[in-house]
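Under full-length UniProt numbering, read the sequence shown as residues 1 to 178, first letter to last. Where is the CB? At the ideal position from N, CA and C, for every residue including glycine.
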Amino acid sequence: MDEDCDYLFKLVLIGDSAVGKSNLLSRFALNEFRLDSKPTIGVEFAYRNVVIADKRIKAQIWDTAGQERYRAITSSYYRGALGTLLIYDVTRRGTFENVGRWLEEVRSHGDSDMVVVLVGNKSDLEHAREVQMKEGQNFAEREGLHFIETSALQKTNVEDAFMTMITQIHNLTTRRTL
Ligand code: GDP
């Protein structure tokens with residue numbers, strides 16, 4: 001364990017290509033947004049330190065960085081992960097229709113108590129919306145997930161999406177060690 005933190009949480013991002021995974025990560029970890037699509041293929045990760053209830057938590061957040069295009073996400077991606085943001089794009093219905101398949105993959109590779117937050121990204125593109133907020137909410141409720149809509153572009157709810165996941169994991173972790 002690093003000396004500069006009390007907990008290290010591995011978190012993963014999942015969802016179809018181009019839903020905004022990389023931009024959500026760079027917005028949260030680096031406060032940056034990129035309009036181009038990413039040039040590299042392969043797993044990448046970034047860190048961000050947060051403090052919850054006086055505990056210093058280092059969040060290590062993994063991005064597929066394009067692997068999902070080839071359905072080539074390996075079980076090592078999920079290994080040891082405590083939480084996942086399962087992301088779709090509110091302007092592309094197909095990405096929402098695939099959420100069930102991603103959830104199955106997360107549940108079959110990940111730990112049974114992995115915290116999953118369903119994220120509808122690109123909420124700034126209201127004119128192009130194909131998935132209503134209520135549909136995301138209903139799906140999340142049925143599956144027992146947290147739900148939030150975000151815009152990595154406009155920074156809306158990005159902090160909330162990650163912090164909901166991290167806080168929930170922190171609560172489960174402290175309950176387990178009591
Ligand atoms: P990934 O393949 O899931 O990692 O998706 P990227 O983060 O590379 O984003 C795919 C494309 O969507 C890029 O052109 C981004 O600029 C764009 N994008 C990502 N998030 C948002 C958002 O919140 N709003 C808008 N309007 N575009 C976004």
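Straight-line gap, residue i to residue j (C-alpha atoms, nearest Å)
i, j, result
"K93", "D4", "Before going on, a small fix: residue 93 reads as Arg here, not Lys. Rounded to the nearest angstrom, the two C-alpha atoms are 42 Å apart."
"L153", "V19", "12 Å"
"V115", "F162", "11 Å"
"D113", "Q168", "11 Å"
"L82", "E130", "31 Å"
"V51", "I57", "6 Å"
"H170", "D63", "21 Å"
"L30", "R48", "8 Å"
"R34", "Q132", "25 Å"
"D6", "T173", "12 Å"
"residue 182", "R175", "The requested residue 182 is not part of the displayed model; the chain covers only 1 to 178."
Residues bridged to residue i [DSSP beta-bridge criterion]
i, result
"Q60", "K10, Y47"
"G136", "Answer by DSSP bridge pairing: none, since G136 is not bridged."
"K55", "I52"
"L86", "I14, L118"
Proximity of residue i and residue j at Cβ, strictly below 7 Å
i, j, result
"Q60", "K10", "yes"
"G136", "G110", "no"
"S151", "S108", "no"
"D16", "N98", "yes"
"I166", "N157", "no"
"V117", "H146", "yes"
"A46", "L25", "yes"
"V12", "T95", "no"
*Pairing CB atoms from the segment 87 to 104 with CB atoms from the segment 124 to 144, are three or more of them under 8 Å?*
Cβ pair count under 8 Å is three or more, so yes.
*Kindly provide the ranges of any beta strand (DSSP E) runs that are 3 or more residues long and lie completely inside the segment 98 to 169, ordered along the chain.*
Listed in chain order, the complete beta strand (DSSP E) runs (minimum 3 residues) inside the segment 98 to 169 are 115 to 121, 146 to 150.
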